[in-house]
Structures are given as C-alpha cells and as structure tokens.
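Heads up, the thing below is written out as structure tokens.
Protein chains in written order, with my numbering: chain A, 1 to 286; chain B, 287 to 815.
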C-alpha cells in the first residue's frame, strides 16, 4: 500500500503513521519504506515541524544506512542498492522506535526494494510515497491512498476538485485489447498539453495508450476534454483505493466534515480524516 | 617498464591491461600499486606467470568465472576498520558489513575448494573478526544483541516496560477522548474542530496550537520514565558499540592483510582466465626474444569477430633484424606480436605462445607507421618521425625493444634507406632489441643485421576474382598468404606487390606495364612494393 499526497504537507506522513498504528493495534506485522525522505523532525525546505515515523517492535523497514537509528538498535537483515544516504538497509525494529525513513533514488531500485520487503515481510508493505514517483509501482497490485487537504486548496471545493483531478489522472483504466477502438495511438513518454491538443484535434474516438498514469501531464479541463474525446488508457494502471483529508493548511482551516464528504463525493472513493477520526463513503455522500 | 601512448596503441598494451583487469575492487587496488616487472624482477615475474599457468590448468573456465564472480561480491571492509582504528564508534550497519565480509570470505573459500584450488593460494580468512561479531549474528544479519554489553538486557527490558506502561496510559487517555469527543486518535496528536467540539478539552490533553476553527491537541502523557529508560538504553548501546569498535580496531591489520590477499588472488585469477582464453605459456625470462606460435591477441580477437583466422607467428630475434615481405603479409602484426608478448611478461601475464624466451625490458617503443595523433600537429610525417626517432635514440639501451615500422618511407627512398641503415647500426652498437619492417632493399646487409621476411603469397593462387568484391579478395589473400617469418634467404616469393594489386582489382594493363618497367635493366626502384 502506498500513500501519496496531492501537495506538500497534505497529511501524507500522518496518514502513513495512522495506517502503521492501525496495523499495530490489529497485530498485523507490516513492512515500511519511503519513496522520498520522511519522518524528519522539520521540513528540509520550509523548516515546518513534521510528524515523525513511529515503528512498532517487529516492523520491517527499508531505509538508507545513514538513517538507521542508533537507539534502540535495529536488527540489520540485509543491505541493497545505494542511495545518497548510504546503502538501502533492510532492518527490523526490535523495540518501538521513532525514525526517519527514506528510499532508493531510482524507480527500478524502488521496485526491487518493495519486492524484497514483500519477500521478507509476513504482512503488507506500506510505502510513504510521492505522487510523481509512483510510476515504478504501476502495473502491480499495490493499493494507493491519496492524501489530500488544505495544502492543495483554500476552500473545500478547491481541495475536492484537486483530489478529483488527481484521482481521475491516476485511475486511468488499463489497456484492454477486447475494448480497443479501431485506431490505437501509443504515446511514448509524457502526454503533455501539446499532445493532448493534437489528440483532441486529430485522434478523436481513438484509443490512446500511455505507459502508466503518471505519464499524463495534463490537468483539469483539458484532461476532461481529452478523456471525452478519446479512450485514454495505460499499459500499467494504478489502483487508488481511498483518500485522506487534512483540513489544516497555512492560515487555512477547512470544515472537517464538509471536507471529508466533499472529497469522497468528488473522487468516488472512501475518504478518511485519520486525525479527527471521520470517514465518508461515496454512496453515503451521494 | 614504460610504454608511450603511440606504442601502447600499436602493441595492444591497453587492450592487455583491460583483458587482465581484476573482477573486483580489491584486485583493482592491487593492480594500481603493482608496477610492471622490470629487468632484475625475472624471478618474481617467472613465479607469477608460472602460478597463473598452473591455476589455468588446475581450474576449469566455469569455475574460474564463479571464483571471479564471488570475489567481485566481497564487500569492502577497509573504510570501516580504518574508522575504527581512528577511534570512531562504529554503527550497526558497519558491524553488519564486516560480518558480510567474513561471510563472503567463507563463501570464497567454499568456491575455491569446490574448484580444486591449491592450498598454498587459499583465500584469506578473518576468524577473530568473525568470532567478535558472532553474538550478533542471527542468520545473515547483525543485531547488537544483549551479549555485547552487560547493561543491555536490563536497560532494554526497562525501556520495553516503560513503553508498554506509556502505551497503556495512552490507551486510557484515548478511550476518554473517544468517550468525550467521539474521536479515536491514530497518533499522539490530533485535531479538534471547534464546530464539532466547542467545549473544554478533557484532562490529559495539551493544546499544541489553535485557530479560529480548530485546536491541535496532543496527549499530555508523563514520558519521564520512558525517556530515562531510553537514555539508559542509548548509553548501554553506545558503550557496547564502543567496546566492539575497539576490538574491531585491533583486527585492522588482519582485515587489511586479507583485502591485499584478495587483491593478489583477483590479479592472479584474471591472468589465469587470460591464459585459459589465449593459451599462455611459462616463458624462459632471458635476454632473448624468441617465440613459437605467438598470438597477437587483440588482432586475433578482431579477426575472430569477423569470422577470420589469425595465424600464430614464430620469431627468433637475435638483437636487431630487418623484416621484409609483401604488403598485407603481416609485417606490422609481427612487430606488434613481439611487442605484445614482451608486454605480457612485463605484466606477469602468460604470453600466448607455444613456447617463448623473452626479456623483461625497460622500454618498448614503436617508431613509424601511421600516427593519427600526428595529424593534429604542425610537423610533416617525416619531421614527426625524425623527432620521435631523435627522442627514442637518445635513451635507447640494451633493455629496449624498438619496433620500427617502415621508418622514413615518406622521404626520398635513397636517403630514407640510408637513414634506416644508420639507425639500425646505432641500435646494434647499443645492444638494443629492434625489429624493423621495411620495403627498402638491402638494409639488413648494409647494417650487418639479420634479415627475416614474411614467406608471402604462394604461386598461382590468384584465380579471376570479382574486382569489386573486396571481401572475397581479402579471403583469397588470406588463403594464399603464408604469414610465417622465415630467413630472407629461404626459398619462395619475396615481393608480391603486383600480384596483390591485380587481386585488389587494379587495372591489369597498368600492372603489366609496371612489371615490364621493373624488369628493364637499370630501372629497379630502391624501395620495393
């Protein structure tokens, strides 16, 4: 399971920690890693305090050697690909521990880390992710949780729209030869604004295939127009299963219940506020 | 031994170094510190080459590759033991890497024994280091287990107890929060929206920050006992690491010595693999250049890639000799072969030959031929060659091999021939080794040096060929050419320039006219071919 955010400070690590805590309470052994660097005390860019990553005893983690906490000591199981902070180390927490986690720098190495964690762990693998770096996880059976909140909009409707846009983009259906239109256009690399305009003008009605949803670089109205003009699909789909909402942003506090309901309604996915302990489901929302 | 860039390119020096490059970092480091063998190193060079050949005979190619692959996978312990020796307290990942190093040496020994490697050259072991880290090994990993320090077990038990007590307290508060506010907090910090809960907060919560619409609150738990226990664990763990680091530091010399042994083994295995590939022999290291069925491996490899065959060469070079023969007969290849085989022994590599007597040299130098680098300079071909010859002759000594490829061919033939004769006389008087390929006539006799030649094209082998099919022409030349080096007075063809021109599609009437001119008394040119 991968947690990604629609924007910086959208509650990604908070959602990640909540999932860890729930697993701990239910006695589910998990393995964790990160697609970036998470759990540091303060944001490296803006200095804002950030939630730390708390691991229960028994949790398996993949993190750079430079981030392995000295106390309490972890059991080092293996080492793997290199990263800016040293080799990626697979370790097990022997006592509850608070730490930063990070991951390898390349998509291929990330895929290998997740594969190895899956093999070593007795339970699910939880990845603190990044929306622009989940391509390596496409095409698998990983579940993706989208963290969204006031960091991506100053109003409930703006946050809900941003979440809906992200979900629409990431939830592209997979390629299905049985349903392909007569004309199929395969797009190498990113599908940008110019590509979208060309496709709308010259390939209406065709099936357009990108390698994975992160290759679609158009947003909002243009993406909607493209999807109505063509049958947009991908070789390796992603599976978004839920959203989380964070009502607090810089100088912004959104009504928590409205937000969680609006996001559920806009995305068609279950939405959770793990801090205020609220949930909304699309069926109930609609 | 020194080899300049021009010579290196001609005799395959860089190719050879790449061909015997070690598989792993230890071998590469070993190679960086190992200089080529020089005169006086005959015993060491001979022992090394003999060991390489013995290894090549002893170990199958597949097993050799397995050994090299295992060597490549041995992790690098040097920075860790150096830090330990400098007084650093190592981390658990460092101990893990050292344990992996010890494991890798065990694996290497297993593969070595499986391959039938000799007991004299058995891979190194680090038994004391392995024993030191033993209490932390569980499977392939490492954990700073309780056995590493007296206070570890008790302080960790206390920390666990304190963590459990804190968790119980946290659950109590969480239950109260759930009952009063209807929130089940996932973490220690959570948000209370004023729209939902405008009233006072329950006890055991503290306000972190607030806005008009929300309050961020956290559990106000007494963490003193847990924090103290954590501090005690931190102190005990650091003490254990410090002690273990000191003991690792004491193993510094053993570990470094093991890495050197690994480097030497990697170096040898690379050479053994080369000998397996190219059939190296144990040469007699003496002040003679003589070999049977020597192979200029870089050229043999190129030819094999094009489906062509390389003909091994035999040569006995009694000091200075002139080598003549047809174009495309392999004169330059013969020079390169002599240089390559001498380079092999300088690098402790079994020379690819059936048998060889070779010297350790101070210098190998190539003079003449096309030099691509020259074209970037302002000198003419001739001037460039003369400047290079000037520098070479200034230092040429007994322990030099000069490979002279058509020296002075770009100046007037009469003066060019005279210059070559004079150069060879000078080299002969200094006792240097030199092999000079040339098309000038009578050079060997005039310089009083040996005269060798490429045996050349056999008679009557040039059936009509499609003039445009160069590939077919090359095949025909290859099939007809006798590349052997023979004494100049041996029977057979001496110059095949006209035949080759015809074979390569040159206008037959022009060739016939040239042949007629050549046969007219008084018209013989001074340079052949």
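Just so you know, even glycine gets a beta-carbon here, dropped at the ideal spot from N, CA and C.
Please read all numbers here as calculations on a predicted model, not as lab measurements.
Legend entry - 7 Å Cβ cutoff, residue 227 (chain B) in contact with chain A: An answer regarding residue 227 (chain B) cannot be provided, because it is not within the stretch 287 to 815 covered by chain B.
Inset, instruction - Less than 8 Å between the CB atoms is what I'm expecting for residue 633 (chain B) and residue 302 (chain B), so what's the real figure, rounded? - result: Locating residue 633 (chain B) in the second chain gives position 347, counting from the first residue. Locating residue 302 (chain B) in the second chain gives position 16, counting from the first residue. With 8 Å as the limit, residue 633 (chain B) and residue 302 (chain B) qualify as a contact, their Cβ atoms being about 6 Å apart.
Legend entry - Limits of the beta strand (DSSP E) - the one that residue 691 (chain B) falls within: Numbered from its first residue, the second chain carries residue 691 (chain B) at position 405. 686 to 691 is the extent of the beta strand (DSSP E) around residue 691 (chain B).
Inset, instruction - For residue 277 (chain A), decide whether its Cβ has a neighbour in chain B, counting only Cβ atoms nearer than 7 Å. - result: By 1-based counting over the first chain, the position of residue 277 (chain A) is 277. It does: the Cβ of residue 277 (chain A) has a partner Cβ on chain B nearer than 7 Å.
Inset, instruction - Inspect the beta-carbon positions of residue 488 (chain B) and residue 466 (chain B) and report whether they are closer than 7 Å. - result: In the second chain, the residue the question calls residue 488 (chain B) occupies position 202. In the second chain, the residue the question calls residue 466 (chain B) occupies position 180. Yes, the Cβ-Cβ distance between residue 488 (chain B) and residue 466 (chain B) is below 7 Å.
Legend entry - Helix, strand or coil at residue 440 (chain B) [DSSP, three-state]: The residue you call residue 440 (chain B) lines up with position 154 of the second chain. If DSSP states are grouped into helix, strand and coil, residue 440 (chain B) belongs with the helices.
Legend entry - Contacting residues, own chain, Cβ-Cβ under 8 Å from residue 675 (chain B) (five flanking each side not counted): Counting from one through the second chain, the residue named residue 675 (chain B) turns up at place 389. The residues are 653, 693, 709.
Legend entry - Given 8 Å, three or more beta-carbon pairs between the region 225 to 245 of chain A and the region 188 to 205 of chain A: yes
Legend entry - Contacts around residue 39 (chain A), its chain only, beta-carbon distance under 7 Å, and the 5 residues preceding and following it disregarded: Position 39 of the first chain, counted from the start, is the residue given in the question as residue 39 (chain A). Summary for residue 39 (chain A): the model assigns pLDDT 49, below 50, so the residue's position carries little reliability; its value from the coordinates is reported in the next sentence. Hits under 7 Å: 13, 52, 53, 99, 100, 101.
Inset, instruction - Can you give me the Cβ contacts of residue 93 (chain A) inside the same chain, cut-off strictly under 6 Å, excluding the 5 residues immediately before and after it? - result: On the first chain, position 93 is the one that residue 93 (chain A) refers to. The answer, listed in chain order, is 55, 57, 59, 74.
Legend entry - Beta-carbon neighbours of residue 248 (chain A), restricted to chain B and to distances below 8 Å: The sequence position of residue 248 (chain A) within the first chain is 248, counting from 1. The answer, in chain order, is 477, 497, 500, 502.
Inset, instruction - Using the Cα positions of residue 669 (chain B) and residue 572 (chain B), report the straight-line distance between them to the nearest angstrom. - result: Start at 1 with the first residue of the second chain, and residue 669 (chain B) comes out as number 383. Start at 1 with the first residue of the second chain, and residue 572 (chain B) comes out as number 286. Roughly 36 Å between the two C-alpha positions.
Inset, instruction - Compare the C-beta of residue 520 (chain B) with all C-beta atoms of chain A and state if any pair is closer than 7 Å. - result: Mapped onto the second chain, residue 520 (chain B) falls at position 234. Answer yes: the Cβ-Cβ gap between residue 520 (chain B) and chain A drops below 7 Å somewhere.
Inset, instruction - Measure the Cβ-Cβ separation of residue 264 (chain A) and residue 237 (chain A) and say whether it is below 7 Å. - result: Translated into the one-based positions of the first chain, residue 264 (chain A) becomes position 264. Translated into the one-based positions of the first chain, residue 237 (chain A) becomes position 237. No, Cβ-Cβ distance for residue 264 (chain A) and residue 237 (chain A) is not below 7 Å.
Legend entry - Beta-carbon proximity of residue 76 (chain A) to residue 428 (chain B), cut-off 7 Å: Residue numbering aside, residue 76 (chain A) sits at position 76 when the first chain is read from its first letter. Residue numbering aside, residue 428 (chain B) sits at position 142 when the second chain is read from its first letter. Closer than 7 Å, so yes.
Legend entry - residue 308 (chain B) and residue 561 (chain B) closer than 7 Å at C-beta: Within the second chain, residue 308 (chain B) is the residue found at index 22, counting from 1. Within the second chain, residue 561 (chain B) is the residue found at index 275, counting from 1. Not a contact, by the Cβ cut-off of 7 Å.
Legend entry - DSSP three-state assignment for residue 431 (chain B), whether helix, strand or coil: Start at 1 with the first residue of the second chain, and residue 431 (chain B) comes out as number 145. Coil.
Legend entry - Residue range of the alpha helix (DSSP H) that includes residue 328 (chain B): Taking the second chain and counting its residues from 1, one reaches residue 328 (chain B) at position 42. Residues 328 to 344.
Inset, instruction - Flag this pair as yes or no: are the beta carbons of residue 651 (chain B) and residue 678 (chain B) separated by less than 7 Å? - result: Locating residue 651 (chain B) in the second chain gives position 365, counting from the first residue. Locating residue 678 (chain B) in the second chain gives position 392, counting from the first residue. Yes.
Inset, instruction - Would you mind telling me which residues of chain A sit closer than 7 Å to residue 446 (chain B), beta carbon to beta carbon, in chain order? - result: The residue you call residue 446 (chain B) lines up with position 160 of the second chain. Those within 7 Å of residue 446 (chain B) in chain A are 95.
Inset, instruction - Mind the definition here: the region 569 to 583 of chain B touches the region 391 to 407 of chain B only if three or more C-beta pairs lie below 8 Å; say whether that holds. - result: no
Inset, instruction - Alpha carbon to alpha carbon, how far is residue 544 (chain B) from residue 600 (chain B)? Give it in angstroms, no decimals. - result: Position 314 of the second chain, counting from 1, holds the residue named residue 600 (chain B). Position 258 of the second chain, counting from 1, holds the residue named residue 544 (chain B). Those two C-alpha atoms are separated by around 42 Å.
Legend entry - DSSP state of residue 20 (chain A) mapped onto helix, strand, coil: Locating residue 20 (chain A) in the first chain gives position 20, counting from the first residue. Residue 20 (chain A): helix per DSSP, three-state reduction.
Inset, instruction - With 9 Å as the limit, tell me which residues of the region 53 to 84 of chain A have their beta carbon closer than that to any beta carbon of chain B; keep them in chain order. - result: 54, 57, 65, 66, 68, 70, 71, 72, 73, 74, 75, 76, 77, 78, 79
Inset, instruction - Kindly list, in the order they appear in chain B, the residues whose Cβ is closer than 9 Å to that of residue 14 (chain A). - result: Mapped onto the first chain, residue 14 (chain A) falls at position 14. Chain B residues near residue 14 (chain A): 472, 473, 475.
Legend entry - Within-7 Å CB hit, residue 9 (chain A) to chain B: Numbered from its first residue, the first chain carries residue 9 (chain A) at position 9. Not one chain B Cβ lies under 7 Å of residue 9 (chain A).
Inset, instruction - Report the partner residues of residue 737 (chain B) according to the DSSP bridge assignment. - result: As a working note, residue 737 (chain B) is residue 451 in the second chain. Looking at the DSSP assignment, residue 737 (chain B) forms a beta bridge with B:608.
Legend entry - Residue span of the alpha helix (DSSP H) that contains residue 273 (chain A), given as start and end: Numbered from 1 along the first chain, position 273 holds the residue referred to as residue 273 (chain A). Element bounds for residue 273 (chain A): not the alpha helix (DSSP H) but the beta strand (DSSP E), 271 to 273.
Inset, instruction - Give the residues from the region 535 to 556 of chain B that approach chain A closer than 9 Å (Cβ to any Cβ), ordered along the chain. - result: none
Inset, instruction - Give a yes or no on whether the minimum CB-CB distance between residue 164 (chain A) and chain B is below 7 Å. - result: Numbered from 1 along the first chain, position 164 holds the residue referred to as residue 164 (chain A). Chain B contact via Cβ: absent.
Legend entry - Same chain, Cβ closer than 7 Å to residue 285 (chain A), neighbours up to 5 away in sequence not counted: In the first chain, residue 285 (chain A) corresponds to position 285, counting from 1. Confidence in residue 285 (chain A) is poor, its pLDDT being 42 and thus under 50, which makes the residue's placement unreliable; the coordinate value appears in the next sentence. Counting only Cβ-Cβ distances below 7 Å, and skipping sequence neighbours, we find 261, 264, 265.
Legend entry - Rounded C-alpha distance that separates residue 773 (chain B) from residue 609 (chain B): For the purposes of this step, residue 773 (chain B) is taken as residue 487 along the second chain, with counting starting at 1. For the purposes of this step, residue 609 (chain B) is taken as residue 323 along the second chain, with counting starting at 1. The straight-line gap from Cα to Cα measures roughly 9 Å.
Inset, instruction - Return no unless some Cβ of chain B is closer than 7 Å to the Cβ of residue 274 (chain A). - result: Taking the first chain and counting its residues from 1, one reaches residue 274 (chain A) at position 274. Judged by the 7 Å Cβ criterion, residue 274 (chain A) is in contact with chain B.
Legend entry - Against chain A: residues of the region 347 to 370 of chain B by CB proximity under 8 Å: none
Legend entry - 6 Å CB neighbourhood of residue 97 (chain A) in its chain, flanking five on each side removed: As a working note, residue 97 (chain A) is residue 97 in the first chain. Excluding residues within five positions, the ones whose Cβ falls inside 6 Å are 55, 69, 72.
Legend entry - Partners in chain A for residue 429 (chain B), counting only beta-carbon separations shorter than 8 Å: Here residue 429 (chain B) corresponds to residue number 143 of the second chain, with the count starting at 1. Within chain A, the residues near residue 429 (chain B) are 73, 74, 75, 76, 94.
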